[in-house]
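With the working numbering, letter number 158 in the sequence shown gets 169, and the count goes up by one each step, no holes. Below: the structure, in structure tokens.
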Amino acid sequence: MKTLLPTSTAGSLPKPSWIAEPEKLWSEWKLTGDDLLQAKRDALLVSLQEQIQASIDIVSDGEQTRQHFVTTFIEHLEGVDFTKREIVRIRNRYDASVPSVVGAVHRRKPVFVEDAKFLRAHTDRPIKWALPGPMTMIDTLYDGHYKSREKLAWEFATILNQEAKELEAAGVDIIQLDEPAFNVFFNEVNDWGVAALERAIEGLKCETAIHICYGYGIKANTDWKKTLGSEWRQYEESFPKLQKSNIDIISLECQNSRVPMDLIELVRGKKVMVGAIDVATNEIETPEQVADTLRRALQFADADKLYPSTNCGMTPLSRQVARGKLQALSSGAEIVRQEILATK
Ligand SMILES: [Zn+2]
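Pasting the structure below:
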């Protein structure tokens, strides 16, 4: 990336109210059939335009074509029965009714590749595409077939690798895997989680990122955060292993979080996507607040390896708030960019 401190978002952006109920996670589509397909494309263009308007450097589809960051991908796969549901505990935090794995999982056809081509055709900026990570995928399912979290994760990693290679061929510059589960299942991260992640990115020439966060600003997550104490050291468990992995960029949540900044030291040499926008509040950060977070991160990361971003996805926020936050992110990054250039 030639731009100094290139800005991006960690994940989703709000959907327009004509396609789905706004300010709500996982809200239902308001349209069906061809109308929905067209509306998803329109929403993608609106989301792209809002990112460009806010001078975001690395743009995305704003996840406009998916209802859920994990299940929408799984819906396109064979081997999972969405009518056969079981209650399971997600990330050891909340119970949810989830679909069941009933046979061997595989990908019938590409899931997001046409959307990525569409985005590519509409912008010259670098584009980042998010996919769910293998461990987070298995954690949203009941597995009645493999009966092994590791085995199922490995199968998903193979499928993700097929999808990632086609996204790369479609012109995606950065492929991001979302692994909030890495902040929960530390033993699994070290036993097979990082290996499954590397399987998912095997052979890619484009840049790769892993997004590990403390989740959307939903109650189950904010309640969980209250139990984590004065310092959130979860990244300490996964970072040493990720530092040795093939992944290029590691994202962490820093705005209004209790993550000690010095944990960035653990991934020295990697690029870090630093969350400088809190997605769990409607309060819009000032550019100076963003700049302050980035300055603190710069104590532990080289300037050419710092990617300012949001803590997580912004889909539950209003479009107005999200727009303000995007603007604050780029204005804050610009303040620090000028400071760095002035000292050169
Ligand atoms: Zn996230």
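Virtual Cβ for every residue (Gly too), placed ideally from N, Cα, C.
Outcome for residue i when other beta-carbon atoms lying within 10 angstroms are tallied against a minimum of 16
i	result
G144	buried
R96	exposed
W140	buried
A50	buried
T170	For clarity, residue 170 is Ile in the given sequence; the question names Thr instead. It counts as buried.
Q62	buried
R279	exposed
T14	exposed
I30	buried
T304	buried
F93	exposed
D150	buried
I98	exposed
Residue range of the unbroken alpha helix (DSSP H) whose run includes residue i
i	result
S341	330 to 353
F129	124 to 132
L274	No alpha helix (DSSP H) contains L274, which DSSP labels as neither H nor E.
I212	205 to 212
E299	298 to 309
Limits of the beta strand (DSSP E) - the one that residue i falls within
i	result
F80	No beta strand (DSSP E) contains F80, which DSSP labels as neither H nor E.
R96	88 to 101
Residues bridged to residue i [DSSP beta-bridge criterion]
i	result
Q187	A141, A220
P319	V285
S256	Answer is none; S256 lacks a bridge partner.
A168	According to DSSP, which records beta bridges pairwise, A168 is partnered with nothing at all.
A107	V99
S241	DSSP, once it has assigned bridges, lists no residue as partnering S241.
W40	A31
I261	I221, V283
H156	Per DSSP, none; premise fails for H156.
V112	V91, D154
V290	DSSP output for V290 lists no bridge partner at all.
V70	I138
Short Cβ contact (9 Å threshold) for residue i with residue j
i	j	result
D45	L59	no
I258	T321	no
I223	P191	yes
I351	A314	yes
D135	S341	no
P115	G90	Inspection of the sequence shows that residue 115 is occupied by Ala rather than by Pro. Closer than 9 Å, so yes.
I212	L188	yes
M272	R244	no
G286	S249	no
S268	D289	yes
I229	P121	no
L317	V283	yes
A65	G324	no
L277	E242	no
I138	I101	no
E296	K236	no
N201	Y225	no
L152	I260	no
Proximity test, Cβ basis, 9 Å: residue i and chain C
i	result
D189	The question asks about chain C, but that chain is absent: this structure has only one protein chain.
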